[in-house]
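Engineer: Numbering (the working numbering), first residue to last: 12 to 231. Note that beta-carbon positions come from the ideal geometry of N, C-alpha and C, so glycine has one too.
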Ligand code: CA
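This is the structure in structure tokens:
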């Protein structure tokens with residue numbers, strides 16, 4: 012099983028990631044500061060590190076520098092609340108493989124993890140086109156088609172469509188869709204899921220997404 016070390020001091024975020032990664036079939040471990048991260052990585056039991064920049068004690072950049080200086084070659088994805096170009100450049104120059112600004116949606120995180128693991132040769136290539144019936148969604152080109160018709164989706168609509176196509180014929184609750192597509196930056200009472208399901212129906216055909224009363228939505 013692929014082991015992932017999560018280095019994040021905000022428990023709200025680390026538990027969100029930990030739960031999601033467990034559900035996705037990974038083996039996650041959480042540490043809340045940089046020195047612990049160095050000790051854990053030194054055990055040699057992790058395939059990938061998710062490293063927050065803002066940490067107590069030594070920060071994520073320092074952890075990154077020390078890991079690379081120690082010859083550690085596993086993929087390292089930096090997480091940060093800061094979205095400045097300087098931080099991105101510093102992270103990538105410092106030997107990070109990728110960089111994900113917070114807040115992010117869980118699917119985006121998993122996509123990055125898969126990609127980085129694949130590059131590091133630890134996972135086989137995965138299919139990039141998701142299909143169900145006559146709906147096709149290309150994760151690489153971000154193109155969507157229904158039959159011969161090409162459809163324009165916004166980034167959020169695309170993420171929602173992706174979630175449905177990954178779980179065809181399954182009922183997905185509003186809470187599941189909210190946490191998987193919108194991440195932790197949304198109020199659970201929000202009706203944003205219903206609004207976006209309506210947009211998506213308007214584009215791919217209303218009959219393709221069924222409302223299951225009191226439970227959620229299903230791609231049929
Ligand atoms: Ca932090």
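(1) Any heavy atom of ligand 3 closer than 7 angstroms to the Cβ of residue 62?
(2) Look at the alpha carbon of residue 229 and the alpha carbon of residue 66, and state the distance between them as a whole number of angstroms.
(3) Give the list of continuous beta strand (DSSP E) stretches no shorter than 3 residues that lie fully inside the segment 55-131.
(4) Just confirm the distance between the C-beta atoms of residue 44 and residue 68, as a whole number of angstroms; I'd bet it's less than 8 angstroms.
(5) If you reduce the DSSP assignment to three classes, tell me which class residue 231 lands in.
(6) How about the segment 115-125 and the segment 168-180: do they share at least three Cβ pairs that are nearer than 8 angstroms?
(7) Assess, as a yes-or-no matter, whether the segment 158-167 is touched by the segment 50-57 under the definition of 3 or more beta carbon pairs within less than 8 angstroms.
(8) Could you pull out every residue in the same chain whose Cβ sits closer than 7 angstroms to the Cβ of residue 222, ignoring the five residues on either side in sequence?
(9) Which full runs of the alpha helix (DSSP H) of 4+ residues lie inside the segment 133-183, going along the chain?
(10) Please work out which residues of its chain come closer than 6 angstroms, Cβ to Cβ, to residue 135, disregarding the five sequence neighbours upstream and downstream, and give them in chain order.
(11) What number of angstroms, rounded off, separates the C-alpha of residue 114 from the C-alpha of residue 131?
(12) In or out: residue 103 buried (at least 16 other Cβ within 10 Å) or exposed?
(13) In terms of residue numbering, what span does the beta strand (DSSP E) encompassing residue 52 cover?
Structural biologist: On the basis of the coordinates in this document:
(1) Within the structure as shown, ligand 3 is missing, the only ligands being ligand 1.
(2) Against the chain shown, residue 229 aligns to sequence position 218. Against the chain shown, residue 66 aligns to sequence position 55. A direct Cα-Cα distance of roughly 40 angstroms separates residue 229 from residue 66.
(3) With a minimum length of 3 residues, the continuous beta strand (DSSP E) runs that stay inside the segment 55-131 are 59-63, 87-91 and 109-112.
(4) As a first step, residue 44 must be located in the chain shown, where it is residue number 33. As a first step, residue 68 must be located in the chain shown, where it is residue number 57. Contact between residue 44 and residue 68 holds: CB atoms are separated by about 5 angstroms, below the 8 angstroms threshold.
(5) Taking the first residue of the chain shown as 1, we reach residue 231 at position 220. DSSP places residue 231 in the coil class of the three-state scheme, outside both helix and strand.
(6) As far as the Cβ criterion goes, the segment 115-125 touches the segment 168-180, which means the pair count is three or higher.
(7) Too few Cβ pairs lie closer than 8 angstroms, so no.
(8) In the chain shown, residue 222 corresponds to position 211, counting from 1. Excluding five sequence positions before and after residue 222, the CB atoms of its chain that fall closer than 7 angstroms to its own CB belong to 228, given in chain order.
(9) The qualifying runs are 166-177.
(10) Locating residue 135 in the chain shown gives position 124, counting from the first residue. The pLDDT assigned to residue 135 is 44, lower than 50, so where the model puts this residue is not dependable; a value taken from the coordinates is nonetheless given after this. Excluding positions up to five away in sequence, the list is empty.
(11) Here the question's residue 114 lines up with position 103 in the chain shown. Here the question's residue 131 lines up with position 120 in the chain shown. The C-alpha of residue 114 lies about 26 angstroms from the C-alpha of residue 131.
(12) Numbered from its first residue, the chain shown carries residue 103 at position 92. Around the beta carbon of residue 103, fewer than 16 other beta carbons lie within 10 angstroms, which makes this residue exposed.
(13) As a first step, residue 52 must be located in the chain shown, where it is residue number 41. Counted as a single uninterrupted DSSP element, the stretch harbouring residue 52 is not any beta strand (DSSP E) but the alpha helix (DSSP H) occupying residues 45-53.
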